[in-house]
């Protein structure tokens, strides 16, 4: 992932919309909670939203919601699966476990541009991942938006996510 210092650098209205929503729900706290997130309030973003639950000892990421567009781009709906159980062959430049570990440690959003690889080309996409916390201290969920648009031709060449277990 090529990091962005600010989400506004990514030139993505949906990412700015999610950032604004996250900040509103956060109010004066370090992070909003999962219970603060109301899908009806961000309905236009849902196809490209990914929500994950963070588990500890050991640190693991379990995808609780994978938007329909994200599942289509992956070639597989990985809702209910752990990150370490998946082979994201389409991801060429992003260590997602390291991204989640950073969010857990820093309690701050991470955003940038990633490369999505199909069978014959690489397509850049923008993404932001935001921490959520039930107690305001420990990150226990995340909400992310992947701003990726593939043409029908590109969709024909998607390298599907494969379970490793």
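In the working numbering, the protein residues as written are 33 to 197.
Built from N, CA and C at the ideal position, the CB exists for glycine as well.
Bear in mind the structure is a predicted one, so any value in this text is a computation, not a measurement.
For residue 143, no alpha helix (DSSP H) run applies; the uninterrupted beta strand (DSSP E) run containing it begins and ends at 142-149, by DSSP.
Contact annotation: residue 35 and residue 169 have beta-carbon atoms that are not nearer than 9 Å. In its chain, beyond the 5 residues on either side, 93, 94, 95, 96, 173 and 174 have a beta carbon closer than 7 Å to the beta carbon of residue 84. Excluding five sequence positions before and after residue 66, the CB atoms of its chain that fall closer than 6 Å to its own CB belong to 164 and 173, given in chain order. In chain order, 33, 34, 35 and 36 place their CB closer than 6 Å to the CB of residue 144, counting only its own chain and leaving out the 5 sequence neighbours on each side. Annotated as distal: residue 105 and residue 162, with beta-carbon spacing of 9 Å or more. Straight across, the Cα-Cα distance linking residue 177 with residue 88 is about 23 Å.
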